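Take a look at the structure below.
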Amino acid sequence: MIVERAYAKLNLTLEVIRKRDDGYHDLASVIQTVDLHDTLEFGESDEIEFECSDASLSGAGNLVSHAAKLLRNETGAKAGARIMLRKRIPVAAGLGGGSADAAATLRGLNRLWGLGMSASEMAEVAAEVGSDVPFLVGGGTALVGGRGEKLEQLPEPEIGRLVIISPTFGESDSELNKTARMFRMLNPSMHTTGSLTRKLAARMLDGHDCHPAFMFNVFQQLAPQAFPGWHEAYEGFTRLGASDIVLSGAGPSMFAIAPSKEVGTAWALLAKARLGCEAFSVGLAPRIKVAAN
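Quick note: the sequence shown uses my numbering, first residue 197, plus one each step.
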């Protein structure tokens, strides 16, 4: 049995630069993986079999199944796999859970099938699965450009404890549908040059702190309109003591830096009890060293 962890991600910055001719968008983002994770187990099988602890995600359209079939087609592998996904990352929350699961699938099958692929070779396949997947093959800290395929590793920031709250609003949308809806809400006046992202990346490269004043997410201004009840959750988070709250991805999850581990734990517990949100106190997850076998 091969086991892989699929780490959630936070966008410390997220800027949209332009809409491309192919319908995608050029982005600029500093992304960080955190130690909130799903777990995937891989065993031998003649076919690709997939099971999830959340039965609603066990369908053939899951990114895990898609990534497995794509990898098999791209490499000509003849084997199958039995894949079990144990979910902990909230679904369609802006934390990259589905993309992290897909990236972990590529890593796990690379080992199970003895493909011997490097991280860069896996990232090429990952780009066909989704925009966040190439980064999540290795995770850690990175400056991301293009539609997600351009990666520059950054030093891990000294950022302390982070608290994520993930509001839920009725029936959950799929990550793909939610993200597409958020991009449709953007207008060209919200496009930026990527300068905010480059400033934060430059600070990190120079060894300076990762101050929240340099964090930014273009979708944050749209979140109250896109997610009814989001502003109330945001206000509730501030009443717990959080400040400089930042949206992650296309939302609705948001995060803030806690002054200590103890305060972070308290914020997360209170957010669950008082705000009815999923909430997590998390640390940073280091870059994953890809193992070929």
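Ideal Cβ positions, reconstructed from N, Cα and C, are used throughout, including at glycine. Source: prediction; values computed, not measured.
Look at the Cβ atom of residue i, then the Cβ atom of residue j, and state whether they are nearer than 8 Å.
i       : j       : result
Ala-298 : Val-325 : yes
Pro-330 : Gly-344 : yes
Asn-373 : Leu-210 : no
Cys-248 : Leu-302 : no
Pro-408 : Val-442 : yes
Val-260 : Ile-279 : yes
Pro-455 : Trp-426 : no
Leu-332 : Ser-295 : yes
Gly-304 : Glu-428 : no
Leu-392 : Cys-406 : no
I'd like to confirm the pairing. Which residues does DSSP put opposite residue i in its beta bridges?
i       : result
Ile-361 : Met-450 and Ala-475
His-233 : Tyr-203
Ile-244 : Ala-277
His-262 : None; His-262 has no bridge partner.
Phe-238 : Ile-198 and Ile-279
Lys-215 : His-221
Glu-348 : Leu-339
Quick check: what's the CA-CA separation for residue i versus residue j?
i       : j       : result
Ala-204 : Phe-238 : 20 Å
Lys-274 : Glu-243 : 9 Å
Gln-228 : Val-478 : 12 Å
Pro-351 : Ala-481 : 12 Å
Lys-346 : Leu-382 : 22 Å
Thr-235 : Ala-419 : 29 Å
Arg-394 : Gly-276 : 42 Å
Gly-255 : Gly-334 : 26 Å
Gly-436 : Leu-465 : Contrary to the premise, residue 436 reads as Leu rather than Gly in this sequence. Those two C-alpha atoms are separated by around 10 Å.
Asn-207 : Arg-483 : 16 Å
Gln-417 : Ala-338 : 24 Å
Ala-467 : Asn-269 : 44 Å
Phe-246 : His-233 : 18 Å
Ser-252 : Ala-288 : 13 Å
Gly-310 : Val-212 : 38 Å
Ala-398 : Ala-224 : 13 Å
Gly-356 : Val-230 : 11 Å
Ala-475 : Gly-432 : 13 Å
Phe-365 : Lys-485 : 37 Å
Glu-348 : Gly-336 : 11 Å
Ala-452 : Leu-358 : 6 Å
Gly-472 : Pro-384 : 35 Å
Met-378 : His-262 : 23 Å
Gly-283 : Glu-317 : Here residue 283 turns out to be Lys, not Gly, going by the sequence shown. The straight-line gap from Cα to Cα measures roughly 27 Å.
Thr-271 : Ser-444 : 33 Å
Ser-314 : Gln-421 : 42 Å
Arg-214 : His-387 : 6 Å
Nearest to residue i by alpha carbon, out of the options?
i       : options                               : result
Thr-434 : Arg-470, Ala-224 and Gly-445          : Arg-470
Ala-319 : Ala-300, Trp-309 and Gly-310          : Ala-300
Met-450 : Glu-371, Ser-385, Ser-362 and Leu-396 : Ser-362
Leu-291 : Glu-371, Leu-281, Pro-424 and Lys-395 : Glu-371
Leu-401 : Glu-354, Gly-390 and Gly-293          : Glu-354
Arg-216 : Ala-289, Ile-198, Gly-342 and Ser-241 : Gly-342
Thr-389 : His-221, Ile-198 and Ala-202          : His-221
Asp-440 : Phe-415, Phe-410 and Ser-327          : Phe-410
Ala-446 : Ser-241, Asp-405, Phe-423 and Ile-453 : Phe-423
Ile-198 : Leu-308, Phe-415 and His-262          : Leu-308
Ser-241 : Gly-293, Ala-264 and Ser-316          : Ala-264
Thr-375 : Ala-323, Asp-250, Ser-314 and Phe-415 : Phe-415
Please list the segments of the alpha helix (DSSP H) lying wholly inside the stretch 374-417, counting only runs of 4 or more residues, in order along the chain.
Runs of the alpha helix (DSSP H) inside the stretch 374-417: 391-401.
* Can you check the stretch 305-337 for any beta strand (DSSP E) of at least 3 residues that lies completely inside it and give the ranges in chain order? => Unbroken beta strand (DSSP E) runs of no fewer than 3 residues, entirely contained in the stretch 305-337, are not found.
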